[in-house]
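Residue numbers (the numbering used here): -12 to 281.
For each residue, glycine too, the CB sits at the ideal point set by N, CA and C.
One structure is given here, and the rest of the page talks about it.
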Amino acid sequence: MPVNREISALLQLIDDPDQEVFDTVANKILHYGVKIIPSLESLWEETPDEKVQERIELLIHRVHYQNLQADFKEWTHEEEPDLFDGSLMVARYRYPGLNMNSLIYELDKIKRNIWLELNNYLTALERANVLNSMIYSYFSMKGAEVSYSRANQFYMNNVIESRKGNSISIGILYQMLCAQLDIPIYAVHIPKQYILAYFSHPVDFTLPETIHPQDIQFFIDPMQGQIYTVKDIEVYLKKINAPLKDFYFKPLSNRSIIRLLLTELSKCYENKKDLYRSEELIALADMLKDEVRH
């Protein structure tokens, strides 16, 4: 965008030592939105003072975050928000310049290879075995326990590019592929675990009364593709002293999944230096909290 007089004046005041002046300048800069970022980046390159550079970096981050908030607001008000879009918006928090096309290409490549191995005569278990073989063997996806010291494993771009993730991020990737292949696999509310369930039919989240625990054929641990029976999960619930409730066997909506991803990711930034990131991620998660939950 052309640098007008007001923008030029604002940029000159970024190094003002008075915090109140800087706060006023920052708020006015935010008003311009993402179109002011090139001007801020040019100023950063021309500024030798590291403290001023840090201010500029923070301003650029705040502009991107403001834009991301608007996108999340739009996404969550969609009737059926797309899980892939939601996961990429989470990734944009840390990587605002994300190359969406390359990620879409990579995901489509995985999907095409799985599709070639599927046919209408396969049982549900055989379909799951095809998925597992392609995801964990052919494409070498490696899963690990959730660790708050490895924030990179929560960002979908890193998961797709490195073929490494945790149970949540790989579970989301697994479900995204299933959605594109019309396979009724969804994350469910099993406590202390991120587990997928193979349902006997596609779930209609607008008709919750049609969703029943007995519709689940088996469960899948997305960390490495391990298959569990309903009995296995019942034994697990008993082991952790959790009552057997229908709620645990209900599928999570895409809003609930992305809210969980944001909440868990926020725990990676609880040190003093990055605390603002944790607070920002929680704020994004709270935008999805109007979702009806148990």
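For residue j and residue i, the rounded distance between their alpha carbons
i: ILE155; j: ASN(-9); result: 46 Å
i: GLU266; j: ASP191; result: 33 Å
i: ARG99; j: PRO189; result: 21 Å
i: ILE198; j: SER120; result: 29 Å
i: HIS281; j: GLU(-7); result: Legend: pLDDT at HIS281 = 38, less than 50; position of this residue unreliable, no value from coordinates given.
i: GLU257; j: ARG137; result: 13 Å
i: ASP72; j: TRP31; result: 31 Å
i: ARG49; j: TYR263; result: 11 Å
i: PHE9; j: LYS259; result: 22 Å
i: LEU90; j: PRO68; result: 19 Å
i: LYS15; j: ILE220; result: 54 Å
i: THR11; j: LEU275; result: 30 Å
i: LYS151; j: SER127; result: 9 Å
i: GLU196; j: ALA229; result: 23 Å
i: LEU103; j: ILE97; result: 10 Å
i: ALA(-4); j: LEU94; result: 45 Å
i: LYS226; j: LEU27; result: 55 Å
i: PRO193; j: THR63; result: Note on identity: in this sequence residue 193 is Thr, with Pro being the wrong assignment. THR193 and THR63: Cα-Cα distance of roughly 15 Å.
i: ALA166; j: LEU70; result: 9 Å
i: THR34; j: HIS18; result: 23 Å
i: GLU44; j: ILE147; result: 27 Å
i: GLU65; j: PRO4; result: 44 Å
i: SER124; j: GLN180; result: 23 Å
i: LEU109; j: ASP261; result: 48 Å
i: PRO200; j: ALA13; result: 52 Å
i: LYS218; j: TYR92; result: 39 Å
When the options are compared against residue i, the one with the closest alpha-carbon
i: ILE172; options: ILE91, PHE126, LYS38, ALA111; result: ALA111
i: GLY212; options: LYS129, GLN53, HIS18, ASP95; result: LYS129
i: LEU46; options: LEU231, GLN56, LEU(-2); result: LEU(-2)
i: PHE59; options: GLU251, ILE245, LEU262; result: ILE245
i: ILE182; options: GLU44, LEU239, TRP102, VAL146; result: LEU239
i: ASP2; options: SER29, ILE23, VAL39, TYR19; result: VAL39
i: PRO290; options: ASN54, GLU104, TYR92, GLU65; result: Not covered by the structure: residue 290. The range shown for the chain is -12 to 281.
i: ASN107; options: ALA57, ASP36, ASP169, GLU148; result: ASP169
i: ARG242; options: LYS218, THR34, LEU109, GLU61; result: GLU61
i: GLY20; options: GLN56, ALA166, GLU37; result: GLN56
Cβ neighbours of residue i in the same chain (closer than 6 Å, five flanking residues each side left out)
i: ILE269; result: SER253
i: ASN153; result: ALA131, VAL133, GLN140
i: ASP202; result: PHE186, SER187
i: TYR135; result: LYS254, CYS255
i: PRO209; result: SER154, ILE157, GLY158, TYR161, LEU183
i: ARG42; result: ILE1
Contacting residues, own chain, Cβ-Cβ under 7 Å from residue i (five flanking each side not counted)
i: THR216; result: PHE205
i: LEU249; result: VAL77, LEU268, LEU271, ALA272
i: GLU251; result: VAL133, PHE141, ILE155
i: LYS237; result: VAL175, HIS176, ILE198
i: ALA115; result: TYR185, ILE207, ILE214
i: ILE101; result: VAL117, LEU118, MET121, LEU164, LEU168
i: MET87; result: LEU75
Close beta carbons around residue i, own chain, < 8 Å, minus the five adjacent residues each side
i: VAL279; result: Note that VAL279 scores a pLDDT of 40, beneath 50, so its modelled location is shaky; the value from the coordinates is reported in the next line. Nothing listed; no residue qualifies.
i: LEU85; result: LEU75, ALA78, ARG79, ASN144
i: TYR52; result: TYR80, GLU267
i: ILE23; result: MET(-12), ILE(-6), ILE16, VAL50
i: LEU224; result: ILE177, PRO178, PRO230, LEU231, TYR235
Opposing strand residues paired with residue i [DSSP bridges]
i: ASP208; result: GLN213
i: PHE59; result: Paired residues: none, contrary to the question.
i: ILE177; result: ILE177 pairs with nothing; no bridge assigned.
i: PHE9; result: Paired residue(s): none; PHE9 is not in a bridge.
i: ALA284; result: Since the first residue of the chain shown is -12 and the last is 281, residue 284 is not available in this structure.
Test: residue i CB closer than 8 Å to a CB of chain C
i: PRO195; result: In the structure shown, chain C does not exist; there is a single protein chain.
Requested in this report: Could I get the ranges of all uninterrupted beta strand (DSSP E) runs contained in the region 88 to 159, with 3 residues as the minimum, in chain order?
Outcome: 129 to 131, 151 to 153
Query raised in the report: Fully enclosed by the region 225 to 251, which beta strand (DSSP E) runs are 3 residues long or longer?
Result: none
**Report entry** Minimum length 4: unbroken alpha helix (DSSP H) runs contained in the region 12 to 71
**Finding:** 24 to 33, 37 to 63
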